[in-house]
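Notes to accompany the following structure.
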Amino acid sequence: MTNPGMRGVRAAIALALVASVGLGPAVAQASPARAVGIVYQPIEGAGSTWSANALQQWVRNVFDNYRWKISYNDQGSSAGRQLFAQGTTDFGVSEIPYALANSDSPDPRPARQFAYIPIVAGGTAFMYNLVIGGQRVTNLRLSGETVAKIFTGVITKWNDPAIAADNPKLALPATTIVPVVRSDGSGTTAQLTAWMRAQHPAIWNAYCAKAGRSNCGITSNYPVIPGSAFLAQQGSNQVASTVAKNSSVGAITYVEASYAINARFPVAKLLNAAGFYTEPTASNVAVSLLSAVINNDPNSQEYLTANLSPVYNSKDPRVYPLSSYSYIIVPTAIEGNFTLDKGLTLADFVSYFLCEGQQQAEVLGYSPLPINLVQGGLEQAQLIPGGDPQNKNVSTCNNPTFSPDGTNKLANEAPQPQACDKKGPDQCLTGTGGASGTPTVGSGTTNLGTGGTGGGESGEDGDNSDGLGSVGDGETVGLGGGSKIVTGTPLTLDSRGIEPHVLVLMILATLVALSAVLLPPIIARRRAALALAAPVGSIPRAATQPRGSPYTRRPSMPKIHLPARFTKFGRATAPGEDS
């Protein structure tokens with residue numbers, strides 16, 4: 000029996016359909032943006048390398064689970080904004096918006112209609128390669144001013160007094176500092192230079208003038224002075240891999256923390272306004288972004304973008320000053336090659352990474368977005384033509400930062416820094432970034448008094464006058480002064496290995512030698528057995544002989560003529576069964 004209530008609903012739907020047919024073109028013109036795509040058409044995007052490790056993982060996830068085809072080219076934020084503006088790509092990804100204020104060369108807003116949606120949060124980290132006495136340092140600390148001076152060429156040696164002041168437990172070497180910067184238009188560069196311009200303008204402006212730029216401002220293109228120790232490389236992957244080489248001792252670069260984690264390299268702890276040295280962990284970044292000023296005006300072209308200046312000077316001891324988040328730039332109208340079916344794919348992808356995707360953020364080296372940015376992002380996703388995202392609000396969104404009271408769970412549970420992370424005469428020994436699990440003092444060390452720290456099971460005090468002991472069979476890594484401590488693990492050198500063609504020749508030579516030794520006696524015995532088993536001139540073929548044939552009998556074993564020393568007490572006679 001049909002439910003009366005359901006009959007009423009069906010009748011209402013029928014009336015609505017009749018009304019829509021009667022209105023005809025008027026309704027079609029009033030709500031074209033409500034049309035939804037039918038099939039998941041492949042989409043293409045380009046941009047940020049800062050967020051690429053997270054984005055590429057999510058692209059793989061949705062293909063494996065839903066067969067949505069999304070390609071992303073991490074060419075850098077500048078390329079991402081430009082390609083989207085030209086209509087070449089379906090979406091762009093950037094750490095900075097169009098028409099950025101105080102930029103040296105702001106790119107204008109495109110004619111193409113668009114919206115910003117936050118992707119993922121994280122920290123711009125300082126990945127470094129520093130070795131003392133044969134051991135890699137994993138607990139380096141740097142103040143903001145020291146960082147600014149390193150990346151402007153003011154500080155050029157690792158034993159500079161400013162770095163030594165940040166690291167009271169390290170006997171720093173006079174190794175040349177090699178700043179590795181980006182050669183391409185980079186949102187990561189823009190984040191670093193925005194911070195230097197805001198916090199250390201005199202240092203930054205002086206460097207820009209020396210580099211021949213009248214106004215650096217916030218720049219995506221890092222200025223490099225010819226003849227300096229600076230090394231420019233393209234993309235986050237390239238700068239990170241350059242620093243990670245064993246031949247790159249002394250190098251330092253700026254990348255999203257995930258690259259250091261993937262390379263298993265440490266990152267420097269950065270001094271915050273509360274006087275603590277912190278690293279860009281997921282929880283520290285979550286705490287930091289509570290101080291960011293988010294544009295919450297839905298009518299603004301900059302809706303959901305952030306002013307990060309308050310983060311730089313936050314007094315919370317857990318704050319990592321260079322915390323931020325990146326944006327995906329999405330179309331809000333059918334223009335150029337964009338279709339409703341592409342909009343269906345893009346809107347659902349946005350819904351996925353704002354909710355389920357954020358569960359992987361910390362594992363990937365990032366920090367999940369807080370609830371306010373997710374809510375705004377889901378609202379923006381509904382502006383994508385052709386889209387009908389499953390998650391339209393946070394009630395259905397499985398994000399690890401959410402809590403019942405609407406606050407940021409990750410930030411609420413963020414631990415306070417250790418006392419040894421406070422600026423002063425002490426220094427924590429724990430590793431950071433991709434080296435967080437690396438022992439910071441050589442195994443078996445028990446001596447931290449006057450002299451060195453034992454690097455092996457029976458290390459002895461170092462007595463080198465320069466404060467650095469030698470690495471011997473003990474192993475001794477002596478650090479004079481009694482309070483200096485070297486951190487890190489033994490430096491792993493590249494293995495040359497054996498060339499493939501040499502290995503093949505060695506194997507062939509071994510096989511030939513074995514054949515020369517083993518085959519002759521085997522062949523001789525086989526021939527002798529065949530000769531005894533068959534009449535002269537015949538070749539027995541057991542498979543073709545009838546049962547009872549004399550050629551099927553068991554062959555006799557060849558007689559063995561033993562030397563006289565074995566027969567002088569009697570003749571050796573073979574057993575009857577062998578005769």
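Numbering (numbering that gives the first Met the number 0), first residue to last: 0 to 578.
Think of the CB as a built atom: it goes at the ideal place given N, C-alpha and C, for glycine as much as any other residue.
According to DSSP, residue i sits in a beta bridge with which residue or residues?
{"i": "A120", "result": "Y324, S366"}
{"i": "S70", "result": "E43"}
{"i": "V329", "result": "A114"}
{"i": "V130", "result": "R135"}
{"i": "R263", "result": "According to DSSP, which records beta bridges pairwise, R263 is partnered with nothing at all."}
{"i": "G386", "result": "According to DSSP, G386 bridges with nothing at all."}
Excluding the 5 residues flanking residue i on each side, which residues of the same chain have their C-beta closer than 7 Å to its C-beta?
{"i": "N166", "result": "L139, R140, Q426"}
{"i": "K587", "result": "Outside the shown range of the chain, which is 0 to 578, sits residue 587, and nothing can be said about it."}
{"i": "K68", "result": "P41, F62"}
{"i": "Q190", "result": "E94, T123, L321, S323"}
{"i": "R495", "result": "Here R495 scores only 43 on pLDDT, less than 50, and its place in the model is too uncertain to base an answer on."}
Grab the span of the alpha helix (DSSP H) containing residue i for me, first residue to last.
{"i": "E94", "result": "Here E94 belongs to no alpha helix (DSSP H), and DSSP marks it neither H nor E."}
{"i": "Q55", "result": "51-65"}
{"i": "K148", "result": "143-149"}
{"i": "L269", "result": "It is not in any alpha helix (DSSP H) - L269 instead sits in the beta strand (DSSP E) that spans 268-270."}
{"i": "K209", "result": "200-209"}
{"i": "V284", "result": "281-287"}
{"i": "V162", "result": "The question names Val, but residue 162 in the sequence shown is Ile. Looking at the DSSP string, the run of the alpha helix (DSSP H) that includes I162 is 160-165."}
{"i": "G79", "result": "76-84"}
{"i": "V318", "result": "Careful: V318 lies outside any alpha helix (DSSP H) and carries neither H nor E."}
{"i": "D103", "result": "Careful: D103 lies outside any alpha helix (DSSP H) and carries neither H nor E."}
{"i": "A410", "result": "408-411"}
{"i": "D340", "result": "339-353"}
What first and last residue would you give for the beta strand (DSSP E) that runs through residue i?
{"i": "V254", "result": "250-255"}
{"i": "P109", "result": "Taken as a continuous stretch (DSSP letters only), P109 belongs to no beta strand (DSSP E), as it is neither H nor E."}
{"i": "L307", "result": "Run containing L307: none; DSSP gives neither H nor E here."}
{"i": "V180", "result": "177-181"}
{"i": "L230", "result": "230-232"}
Apart from the five residues just before and just after residue i, which ones in its own chain have a Cβ nearer than 6 Å to its Cβ?
{"i": "S308", "result": "A197"}
{"i": "G584", "result": "Any answer about residue 584 is impossible in this case: the structure gives the chain only from 0 up to 578."}
{"i": "D183", "result": "G75, Q233"}
{"i": "A51", "result": "D73"}
{"i": "P369", "result": "T400, N407"}
{"i": "G342", "result": "G36, I383, P384, G385, G386"}
{"i": "W57", "result": "F352, G356"}
Could you check the C-alpha separation between residue i and residue j for me, to the nearest Å?
{"i": "K156", "j": "T218", "result": "26 Å"}
{"i": "I327", "j": "Q40", "result": "19 Å"}
{"i": "E334", "j": "W194", "result": "36 Å"}
{"i": "F83", "j": "P367", "result": "25 Å"}
{"i": "A114", "j": "I95", "result": "13 Å"}
{"i": "I424", "j": "A418", "result": "In the sequence on display, residue 424 carries Pro and not Ile. Distance between the alpha carbons of P424 and A418 is about 11 Å."}
{"i": "F229", "j": "A250", "result": "9 Å"}
{"i": "Q237", "j": "S227", "result": "20 Å"}
{"i": "I37", "j": "F125", "result": "46 Å"}
{"i": "A173", "j": "A161", "result": "13 Å"}
{"i": "A170", "j": "N128", "result": "15 Å"}
{"i": "R80", "j": "R212", "result": "23 Å"}
{"i": "Q112", "j": "S299", "result": "13 Å"}
{"i": "T429", "j": "S435", "result": "7 Å"}
{"i": "T304", "j": "N312", "result": "19 Å"}
Quick check: does the Cβ of residue i come within less than 7 Å of any heavy atom belonging to the ligand ZN?
{"i": "G152", "result": "Among the components of this structure there are no ligands whatsoever, and the ligand ZN is therefore not found."}
Verify the CB distance criterion: does residue i have a CB-CB separation below 8 Å to chain B?
{"i": "G405", "result": "In the displayed structure, chain B is absent; only one protein chain is listed."}
Segment contact flag, the stretch 386-402 with the stretch 239-251, C-beta cutoff 8 Å, min 3 pairs: no
Three or more C-beta pairs under 8 Å: does that hold for the stretch 316-325 against the stretch 352-363? no
Could you tell me whether the stretch 275-289 touches the stretch 105-122, using the rule of 3 or more Cβ pairs below 8 Å? yes
Do the stretch 251-267 and the stretch 168-183 meet, that is, are 3 or more Cβ pairs less than 8 Å apart? Yes: the two stretches touch, three or more of their Cβ pairs being nearer than 8 Å.
Looking at C-beta atoms only, is the number of pairs between the stretch 408-416 and the stretch 147-163 that lie closer than 8 Å three or more? no
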